[in-house]
Amino acid sequence: ARAVADFLRAHDAWAGGEFVTLEIGGQTFVVVDIGMRMLTPRELFNAQGFPADYVIEGVWQGVETDDPTFKPFAKDVQVSCCGNSVCPPLAEAIVRANCAHLAANIEQEAAHG
């Protein structure tokens, strides 16, 4: 409990007494730990705006052969891929705002064959 209070004080988040306490429903509780979990790779990609069916678990190799194999990515690789990604909805918005004339031309070309 003291370690929690020391940590919060060091980050200017607690100016109270020796222990961090919370009052809930008239009862006082001492906070002895601040537990946080890491987000899963899927949660990270979801937060970035990737569609739910976006494949992050690995890659198919040899798809042009008769014996394709799936190579799974380790969790740390999945996380680093997300960290290096560009949020799809934001990228789309930037392209639409800056390149609307190109999108219109492509749509016109497709319509005219």
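Our numbering numbers the first residue of the sequence shown as 597 and each following residue consecutively.
Think of the CB as a built atom: it goes at the ideal place given N, C-alpha and C, for glycine as much as any other residue.
Next on the checklist: For P647, count the other beta carbons within 10 Å of its own beta carbon; 16 or more makes it buried, fewer makes it exposed. Which is it?
Outcome noted: exposed
Item to check | Per DSSP, the bridge partner or partners of L618 | outcome: F625
Checklist entry - By Cβ distance, which residues of its chain are closer than 8 Å to A706, with the 5 residues on each side in sequence left out? => result none
Item to check | As assigned by DSSP and simplified to three states, the class of P647 | outcome: coil
Checklist entry - In angstroms, rounded to a whole number, what distance separates the CA positions of T636 and P664? => result 27 Å
Checklist entry - For A643, does the count of other Cβ atoms within 10 angstroms reach 16, so buried, or fall short, so exposed? => result exposed
Next on the checklist: Within a Cβ cutoff of 7 Å, which residues of the same chain sit near F641, ignoring the five residues on either side of it in sequence?
Outcome noted: Y650, I652, C678
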